[in-house]
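> In case it helps, this note's numbering puts the sequence shown at residues 295 to 648.
Don't be surprised by glycine CBs; every beta carbon is placed ideally from N, CA and C.
Since this is a predicted model, take the numbers as computed values, not measurements.
Attaching a single structure in structure tokens format; questions to follow.
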Amino acid sequence: MNGSEPKRLARTISESGHHLDRLLSDLLDLSRLEAGKLSINSAPFELGAFANEARDLWHSRIAGKRLDLRIRVVGEPNIRLEGDAMRLRQILFNLMSNALKFTERGYIGVELSTFEAAGSLKLRMTVEDTGCGISDADKARLFEAFEQARPSTASTHGGSGLGLSIAKGLARRMEGEVLLADNPDGGSVFTVTIPVKRAGPRLAVTGAPPKPRMRAFELGRILLAEDHAVSALVVTRALSAAGWQVDSVQTAEDAIAKATENTYQAILTDIHLPGATGDDVLATLRDSKGPNALAPIIAVTADVSPERRLACQRAGFTTIIEKPIRPRALVATLVDILLADKAAAAEATELQRA
295 MNGSEPKRLA RTISESGHHL DRLLSDLLDL SRLEAGKLSI NSAPFELGAF
345 ANEARDLWHS RIAGKRLDLR IRVVGEPNIR LEGDAMRLRQ ILFNLMSNAL
395 KFTERGYIGV ELSTFEAAGS LKLRMTVEDT GCGISDADKA RLFEAFEQAR
445 PSTASTHGGS GLGLSIAKGL ARRMEGEVLL ADNPDGGSVF TVTIPVKRAG
495 PRLAVTGAPP KPRMRAFELG RILLAEDHAV SALVVTRALS AAGWQVDSVQ
545 TAEDAIAKAT ENTYQAILTD IHLPGATGDD VLATLRDSKG PNALAPIIAV
595 TADVSPERRL ACQRAGFTTI IEKPIRPRAL VATLVDILLA DKAAAAEATE
645 LQRA
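If you want it as structure tokens, here you go:
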């Protein structure tokens, strides 16, 4: 075995595990959709901010393939809508992921707009690409679970074959639809139409600002290593809303580099990352003399089987968090860990004084 062979095998194992993790997460969503148990939670959101989030999360990935990313809001950029922004985001990201997978040159375009139809307001999300396009024969079955445009797609481009099926299922769950057409520039155009409501303006805050709540510890910085755009956004928004500052990266190498340069209250890492694993992040930081050698390091995975939990415990992870991420459970877990760390530090200080 030559010197590069172990690295190649490790990369293959990591990519296989990453694919399995993504497949488990997709299967959970698909099973909930088919059972009618996937909940839809409406809340106000701003369409312009929604577009900016997509741009921020996808810019580096699309630029990495030397493609142009074109995102625009047609009409009122600051219009406030009421709908399930998380599920809308999931639909959009699944379509963008599909476009990125099959586009080697040109651009990926996203257009967001609203319009009135049959007395109700609708949101239209259009994703177009200049990729290889889809034949008429493939269009008929493309939205079926585990179907892809060609039999060789999974081995060539990766993916579970569930993204488009989930996107269409989510749209139907919200009484909408997903349509597919050819792009005149070459490639494909997916158009999503979902009923929404117009939300009222933000309420102005009057009177004296509330006094800040006393915390048992100060909120600092959290490092997140997660290559799945939707999961990264859910975690970042949940922790930012709670008061933490979040640094988000997509690879184990970037996580290690960030953790070498900065001090974090805790580190969250997906078990399966491109090119390496969460275990690599854990081992490297624990063996280092850097600022995060003793920081809580939390595994994030869809596989919460007893075997996986035991493996994470033996590896030295502080705990494990299940995908799909539940924001309240995530924040509660972090608070419990940091409170326990503070109590342990206080006890150690008392023992030193005794």
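So what does DSSP say about M468, is it helix, strand or coil?
Note: M468 maps to coil in three-state DSSP.
> Below 8 Å, how does it come out for the segment 374-393 and the segment 331-340: are there three or more Cβ pairs, yes or no?
Output reads yes: the segment 331-340 touches the segment 374-393.
> Does the distance from the C-beta atom of I631 to that of A577 stay below 8 Å?
It is not a contact, given that the beta carbons lie outside the stated cut-off.
> For the segment 565-640, which segments carrying the beta strand (DSSP E) assignment without a break, of at least 3 residues, lie completely within its bounds, in sequence order?
Qualifying beta strand (DSSP E) stretches, in chain order: 591-595 and 613-616.
> State the Cα-Cα distance for the pair H566 and G572, rounded to the nearest angstrom.
In a straight line, the C-alpha of H566 is about 6 Å away from that of G572.
> Under 6 Å Cβ to Cβ from V520, same chain only, skipping five residues before and after it: list those, please.
Checking the displayed sequence, the identity of residue 520 turns out to be Glu instead of Val. For E520, where only same-chain residues beyond five positions count, the Cβ hits under 6 Å are A526 and D564.
> Excluding five sequence neighbours on each side, which residues of the same chain lie with their C-beta closer than 7 Å to the C-beta of R366?
Closer than 7 Å at Cβ, skipping near neighbours: E405.
> Leaving out the 5 sequence neighbours to the left and right, which residues in its chain are closer than 7 Å to G470 when beta-carbon positions are compared?
Excluding residues within five positions, the ones whose Cβ falls inside 7 Å are V486, T487, I488 and P489.
> Measuring only the C-alpha atoms, how far is A626 from I615?
Rounded to the nearest angstrom, the two C-alpha atoms are 11 Å apart.
> State yes or no: is the beta carbon of R466 nearer than 8 Å to at least one beta carbon in chain B?
Protein chains in the displayed structure number just one, and chain B is not present.
> To the nearest angstrom, how far is the alpha carbon of I279 from that of L361?
The structure shown does not extend to residue 279, since the chain spans only 295 to 648, so no value can be given for it.
> Below 6 Å CB to CB, which residues in the same chain sit around S407 once its five sequence neighbours on both sides are set aside?
These residues qualify, in order along the chain: V368, G369 and R418.
> Does DSSP put D378 in a helix, in a strand, or in coil?
Residue state, collapsed to three classes: coil.
> Please report the distance separating the alpha-carbon of L608 from that of D574.
According to the sequence shown, residue 608 is Arg rather than Leu. The straight-line gap from Cα to Cα measures roughly 14 Å.
> Under 8 Å between the Cβ atoms of A549 and V543?
Yes, these two residues count as a Cβ contact at 8 Å.
> Given that a residue counts as buried once 16 or more other Cβ atoms are within 10 Å of its Cβ, and exposed if not, what is E601?
The residue in question, E601, is exposed, as its Cβ has fewer than 16 Cβ neighbours within 10 Å.
> Within its chain, find whatever has a CB closer than 6 Å to the CB of N586; leave out the 5 residues flanking it on each side and keep chain order.
The residues are A553, Y558 and L579.
> Entirely within the segment 344-395 and at least 3 residues each: give me those beta strand (DSSP E) ranges in chain order.
Listed in chain order, the complete beta strand (DSSP E) runs (minimum 3 residues) inside the segment 344-395 are 362-367 and 374-377.
> Between L394 and R355, what straight-line distance do the alpha-carbon atoms span, to the nearest angstrom?
If I take the Cα positions, the gap works out to 8 Å.
> So, F396 versus G377, is the Cβ gap smaller than 8 Å?
Cβ atoms of F396 and G377: not closer than 8 Å.
> Can you name, in chain order, every residue of its own chain whose Cβ lies under 6 Å from the Cβ of R620, other than the five neighbours on each side?
For R620, where only same-chain residues beyond five positions count, there are no Cβ hits under 6 Å.
> CB-CB under 6 Å to D635, same chain, minus the five flanking residues each way: which ones, in chain order?
There are no such residues.
> Between L513 and G400, what straight-line distance do the alpha-carbon atoms span, to the nearest angstrom?
One C-alpha to the other measures close to 43 Å.
> Hey, quick one: how far does the beta strand (DSSP E) through E438 stretch, first residue to last?
No beta strand (DSSP E) contains E438, which DSSP labels as neither H nor E.
> The ligand HEM heavy atoms versus the CB of A434: any closer than 7 Å?
Within the structure as shown, the ligand HEM is missing, as the structure has no ligands at all.
> Using 10 angstroms around the beta-carbon of G403, count the other beta-carbons present and answer buried if the total reaches 16, otherwise exposed.
When all chains shown are included, G403 counts as buried.
> Out of R492, D476, P568 and M468, which has the shortest C-alpha to C-alpha gap to K433?
The option with the nearest alpha carbon to K433 is D476.
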